[in-house]
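K.L.:
Following this message is one structure expressed as structure tokens.
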Amino acid sequence: MFFYFLKRLGLVIPIAISVTVVCFSLVYLAPGDPLSAILPSDASIELIEKLKKEYGLDKPIPVQYVIWLGKALIGDLGTSIATGRPVSSEIGRAISNTLVLAFFGSAIGFSLGLAFGTIAGYKQGSWIDKTVTGIAVAGVSVPHYWLGMVLVIIFSVILGWLPAMGAGPSGEWAWDLEHIKHVLLPAITISVIPTAIVTRTVRALVADILGREFVTALRAKGLTDRGVFIHVVKNAAPTSLAVMGVQLGYLMGGSILVETVFSWPGTGFLLNTAIFQRDIPLLQGTILVLALFFVGLNLVVDLIQTALDPRIKRA
Amino acid sequence: MNTPSIPEKVVAAATARGYWKSVFFRLMRDKVTVVCLLVLLAVVFMAIFAPLIAPYDPFKGSILKRLLPFGSEGFPLGTDELGRDMITRLIYGGRLSLVMGITPVIAALVIGAFLGIIAGFMGGHTNTAIMRTIDVFYAFPSVLLAVAISGALGAGIFNAMVALTVVFIPPIARVSESVTTQVRSLDFVEAARASGASSLTIIRVHILGNVLGPVFIYSTSLISVSMILASGLSFLGLGTKPPEAEWGLMLNTLRTAIYLNPWVAALPGTMIFIVSICFNMLADGLRSAMDVTQ
Amino acid sequence: MTGSAQGDKAPPYPPGARPILEVRELRKHFPLKTGMFGQGAGTVHAVDDISFSVMTGETLGIVGESGCGKSTTARLLMRLIDPDAGRVLLDGKGIAEPAPTGLEVRDARRQMQMVFQDSFASLNPRLTIEDSIAFGPIVHGLPTKQAKARARELLNKVGLAPERFAARYPHELSGGQRQRINIARALALEPRIVILDEAVSALDKSVEAQVLNLLLDLKKEFGLTYLFISHDLNVVRYMSDRVMVMYLGKVAEIGPVESIYGRTAHPYTTALLSAMPSMDPGKRTEAPPLVGDPPSPIDPPPGCRFRTRCPHAEEICGAGDPVLALAGEAHHVACLMMKAGSGHSKAPAA
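Residue numbers (the numbering used here), protein chains in the order written: chain G, 6 to 320; chain H, 539 to 832; chain V, 25 to 374.
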């Protein structure tokens with residue numbers, strides 16, 4: 006198992022490096038100088054040259070990449086052009102907020118998804134199944150940013166029960182009612198797609214397992230429903246966990262839309278600001294952190310799935 | 539002479555109709571899919587004939603008449619924040635939203651299928667080179683990648699579509715490669731090789747017909763995601779720019795209006811939702827219709 | 025004991041006859057990969073230096089358990105896989121060897137065709153029957169119209185009315201019908217040799233009988249040579265003139281069908297035959313014919329492959345690979361018991 010982990014790690018490293026290359030070079034996709042966005046158009050040549058030197062933009066691009074990567078590995082992601090604060094601390098603060106959102110979103114999404122999916126799988130073909138499948142399709146088809154708006158309309162504007170924006174009074178997370186009220190709508194919004202996907206996956210898995218001959222054989226031997234259920238869980242676990250892991254990755258990496266709707270101060274919101282202010286260091290840093298997190302998460306999911314599924318051969 | 543073991547009538551019927559026709563008939567029998575297809579056709583129709591159908595000019599509005607509610611006189615679905623008629627804006631909005639949603643998928647289908655089929659058929663180092671490169675882009679969550687590329691390129695319709703195409707090429711390439719690899723190992727491909735055919739002929743006659751079907755079906759399931767993402771990019775300000783009519787952009791500009799006229803503000807999203815569901819159900823229905831014959 | 029000394033390796037066919045196909049020391053090993061960090065986990069010795077010949081106009085049956093290398097041999101002959109070593113000679117010309125003594129693979133493929141086991145997977149589900157059959161001739165330059173005409177003609181020959189079957193799709197037909205089509209497809213290129221790789225194994229017994237008789241009729245009509253690969257000993261006996269028994273990538277025994285079935289020489293063949301269930305209650309098998317697990321073809325141990333399960337195995341059997349020795353009229357066995365002076369206690373004196 007350990008060697009398998011090393012082997013997977015070995016495969017991941019080239020991907021991770023390529024990801025950093027992509028993150029770095031994204032900025033150079035845009036026409037024009039990265040600096041042109043922040044400087045006034047009549048800036049003097051000396052000023053431009055001085056700033057170039059300061060940001061290391063006068064060196065050739067591959068060199069810039071290596072310097073940037075080197076600094077990133079020790080945690081120095083540069084300074085935000087807009088706020089002047091270190092990028093790493095900005096990201097650090099933002100990521101803790103996104104983690105909170107992702108936590109609640111996945112808690113809701115996974116529990117509902119597992120419940121719905123299992124029920125639908127057991128009651129295949131019935132009206133329950135059809136309803137659940139219908140909800141799942143709707144869940145995957147709904148533009149979640151719109152859903153967020155609708156929820157805000159219903160619960161904030163019309164009913165006034167929940168706040169429409171922000172993460173709470175202090176911008177920092179705490180486990181009290183005020184903060185819960187703030188996270189509820191964003192969490193529900195962001196949980197819709199994972200719920201739908203987990204429901205669909207679990208339903209298909211459960212239905213497939215229940216239909217297999219070994220289950221019929223076990224039942225014929227007199228195994229109780231509870232016993233069968235344990236078998237279902239064991240067989241469905243590896244893939245379900247894998248799907249949930251991937252969804253968690255999407256929750257973290259793809260939170261920008263929901264965070265924008267609710268002005269939730271997470272990494273997505275940060276990304277939004279960075280794009281519009283053309284804050285290059287912040288942009289590069291945020292994308293890098295999110296992408297590498299996703300890569301790392303996929304590796305963990307892969308390892309868990311291998312550990313749980315006895316059919317996969319390990320080196 | 540031996541007699542066929544399948545009832546004559548059934549066999550004759552199936553042959554008479556041919557493969558695609560039988561798919562079509564099976565599709566027609568699924569009522570839900572038919573409804574979705576009709577809805578989509580209606581939306582597309584409206585988008586194409588927008589100038590003829592829409593009651594007003596989508597760009598002209600009167601500030602005096604801003605944010606009128608449903609059922610206002612002359613404006614059954616109300617007006618937006620600049621006083622423009624919602625019905626008109628929604629009809630015109632369909633144009634850009636549909637184009638921005640469908641075009642990237644088509645582009646990604648062409649490029650991704652090409653890459654995947656080559657990788658799957660050639661195998662070996664070619665396969666590794668192509669698929670590892672694809673894996674790098676697969677390592678990003680799709681929303682992040684779309685936003686990052688779009689943000690890097692700058693706002694605009696074309697840039698947003700490029701970003702989305704890049705997002706969709708990896709999954710399509712992966713599916714193409716996997717299907718091609720499977721088909722390539724089937725006996726009839728071996729038999730084709732055994733009859734001395736060249737690789738190009740084998741791909742053309744035996745592989746393409748069997749691979750493009752599943753790949754196409756998979757791609758149709760991506761359309762709804764593409765539309766949501768495209769409108770999402772516009773919602774963030776990275777896609778269409780005002781004063782264009784596009785559903786995602788409309789959601790953005792109407793956001794602040796939710797306190798004044800909430801339901802009008804929610805309309806554009808409803809359209810995205812409806813079209814998206816219809817595409818998904820259509821894709822599902824198409825998949826079932828094509829599966830049985832295989 | 026080892027090596028290919030001319031005396032012992034006398035070509036296993038009756039002197040004076042002409043082989044249409046000659047296989048010399050054909051070898052194919054598959055390395056087992058374990059990925060980036062692990063070294064190779066061994067090699068599968070699928071086909072290990074086998075030699076045999078096929079006479080013009082005969083049916084050579086090839087039998088053996090799963091994993092003995094029969095299908096790999098077929099694919100090596102068709103050059104669908106490239107061998108690691110050895111030569112295949114068609115009419116004396118080496119396949120894939122340069123001219124003038126060699127024969128190009130493409131030309132060889134026009135003369136040798138194969139019918140596969142899975143009747144459904146052998147046909148492109150998207151093509152009509154007619155198109156599937158006509159594909160080969162079209163590839164080799166025949167105009168489409170003529171190719172389709174030939175396809176319809178062949179459908180007639182295999183017993184399927186062209187008016188009813190030419191425009192159909194594979195999924196609309198039964199297994200037996202599909203195999204007939206596969207046979208028609210194989211014949212479309214007017215080959216001289218047809219390799220039948222478990223061609224009837226997946227069919228119901230009654231259909232199997234029909235297809236076998238069809239094969240015999242076609243062989244007579246077109247003057248074909250067959251390589252009939254199967255694990256079903258009864259069918260092989262019915263169809264073959266000569267039989268080759270394979271075990272773990274090597275030839276155990278080869279000879280005329282009456283010799284193989286009547287005067288069995290190799291212990292493995294004896295075991296195979298005794299394992300066949302019989303309708304006669306008097307011929308009940310009491311003891312299992314073979315004990316021990318079949319060894320895997322991965323990195324086989326030295327010496328005779330069969331010795332781990334052979335009731336007559338002795339220490340000398342582990343010393344080196346037994347070479348084919350004459351055991352009767354045109355009947356060769358790779359067993360030390362048959363080889364004079366081999367050192368085995370049951371071998372005849374030198």
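The C-beta atom is built at its ideal place from N, Cα and C for all residues, glycine as well.
These figures come from a predicted structure and were not determined experimentally.
Check the Cβ of Met102 (chain V) against every Cβ in chain H and list those closer than 9 Å, keeping chain order.
P.N.:
Glu728, Arg731, Ala732
K.L.:
Residues of chain V with a CB under 8 Å from the CB of Val743 (chain H): which are they?
P.N.:
Here the neighbours are Asn148, Leu151, Phe159.
K.L.:
From V:His255, V:Leu211, V:Ser225, pick the residue whose C-alpha is nearest to that of Glu245 (chain V); which is it?
P.N.:
If we check each option's Cα against that of Glu245 (chain V), V:Leu211 comes out closest.
K.L.:
List the residues of chain H whose Cβ lies closer than 8 Å to the Cβ of Gln137 (chain V), in chain order.
P.N.:
Ala732, Ser733
K.L.:
What three-state label does DSSP hand Glu177 (chain V) in the structure shown?
P.N.:
helix
K.L.:
Along the stretch 686-707 of chain H, where does the CB come closer than 8 Å to a CB of chain G? Name the residues.
P.N.:
Ala686, Ile687, Gly689, Ala690, Leu691, Gly692
K.L.:
Could you pull out every residue in the same chain whose Cβ sits closer than 6 Å to the Cβ of Ala34 (chain V), ignoring the five residues on either side in sequence?
P.N.:
In this prediction, Ala34 (chain V) has a pLDDT of 39, which is less than 50 and means its spatial position is unreliable; nothing more can be read from the coordinates.
K.L.:
I need the straight-line Cα distance from Gly153 (chain G) to Val197 (chain G), nearest angstrom please.
P.N.:
10 Å
K.L.:
Assign Leu360 (chain V) to buried or exposed, taking buried as 16 or more other Cβ atoms, counted over all protein chains shown, within 10 Å of its Cβ.
P.N.:
Under this definition Leu360 (chain V) is a buried residue.
K.L.:
Using the DSSP secondary-structure output, state which residues sit across from Ile86 (chain V) in a beta bridge.
P.N.:
V:Ile253, V:Met268
K.L.:
What is the C-beta distance between Val92 (chain G) and Thr84 (chain G), in whole angstroms, given that I count them as a contact (C-beta under 8 Å)?
P.N.:
6 Å
K.L.:
If you run the structure through DSSP and keep just helix, strand and coil, what is Ser680 (chain H)?
P.N.:
helix
K.L.:
Chain V partners of Thr739 (chain H), CB-CB under 7 Å?
P.N.:
Those are Val163, listed as they occur along chain V.
K.L.:
How big is the Cα-Cα spacing for Gly171 (chain G) and Val721 (chain H)?
P.N.:
52 Å
K.L.:
Which residues in chain H sit within 9 Å of Asp142 (chain V), going by Cβ to Cβ distance?
P.N.:
Leu724, Asp725
K.L.:
Going by beta carbon distance, what residues of the same chain come within less than 7 Å of Thr123 (chain G), once the five residues before and after it are set aside?
P.N.:
Val207, Val211
K.L.:
Could you tell me whether any Cβ in chain G is nearer than 7 Å to the Cβ of Pro679 (chain H)?
P.N.:
yes
K.L.:
Is the CB-CB distance between Val218 (chain V) and Tyr193 (chain V) below 7 Å?
P.N.:
no
K.L.:
Checking 7 Å against the spacing of the C-beta atoms, do Ile253 (chain V) and Lys52 (chain V) come in under that value?
P.N.:
In this structure, Lys52 (chain V) does not lie closer than 7 Å to Ile253 (chain V) by Cβ.
K.L.:
Grouping DSSP H, G and I as helix and E and B as strand, with all else coil, what is Ala179 (chain G)?
P.N.:
coil
K.L.:
Please report the straight-line C-alpha distance between Ile66 (chain G) and Gly692 (chain H), rounded to a whole angstrom.
P.N.:
21 Å
K.L.:
In chain G, which residues lie less than 9 Å from Gly807 (chain H) when you measure between Cβ atoms?
P.N.:
Val147, Pro148, Tyr150, Trp151, Leu152, Met154, Val155
K.L.:
Could you tell me which residues DSSP pairs with Gln137 (chain V) in its beta bridges?
P.N.:
V:Val218
K.L.:
Taking the straight line between their C-alpha atoms, what separation do you get for Tyr292 (chain V) and Ala223 (chain V)?
P.N.:
24 Å
K.L.:
With C-beta atoms as the reference, is Val581 (chain H) less than 7 Å away from Val813 (chain H)?
P.N.:
In this structure, Val581 (chain H) lies near Val813 (chain H), with their beta-carbon atoms less than 7 Å apart.
K.L.:
Going by the beta-carbon positions, is the gap between Ile20 (chain G) and Ala677 (chain H) smaller than 7 Å?
P.N.:
It is a contact, given that the beta carbons lie within the stated cut-off.
K.L.:
Please list, in chain order, the chain H residues whose beta carbon lies closer than 9 Å to that of Leu276 (chain G).
P.N.:
Leu682, Val685, Ala686, Gly689
K.L.:
Nearest by alpha-carbon distance to Thr272 (chain G): which of G:Arg98, G:Leu56, G:Phe8, G:Ile22 is it?
P.N.:
G:Arg98
K.L.:
Quick check on Gly747 (chain H) - is its C-beta less than 7 Å from some C-beta in chain V?
P.N.:
yes
K.L.:
Check the Cβ of Met669 (chain H) against every Cβ in chain G and list those closer than 8 Å, keeping chain order.
P.N.:
Within 8 Å Cβ-Cβ: nothing; Met669 (chain H) doesn't reach chain G, min ~11 Å.
K.L.:
Hey, is Ile601 (chain H)'s beta-carbon within less than 7 Å of any beta-carbon in chain G?
P.N.:
no
K.L.:
If you draw a straight line from the C-alpha of Gly216 (chain G) to the C-alpha of Ser77 (chain V), how long is it?
P.N.:
51 Å
K.L.:
Do we get a CB-CB distance below 7 Å when we pair Tyr255 (chain G) with the residues of chain H?
P.N.:
yes
K.L.:
Once the 5 residues before and after Pro243 (chain G) are set aside, which same chain residues still bring their CB inside 6 Å of it?
P.N.:
The residues are Gln310, Leu313, Asp314.
K.L.:
Excluding the five sequence neighbours on either side, which residues of its own chain have a C-beta within less than 6 Å of the C-beta of Ile86 (chain V), listed in chain order?
P.N.:
Lys94, Ile253, Met268, listed in sequence order.
K.L.:
Any Cβ of chain G within less than 7 Å of the Cβ of Asp595 (chain H)?
P.N.:
no
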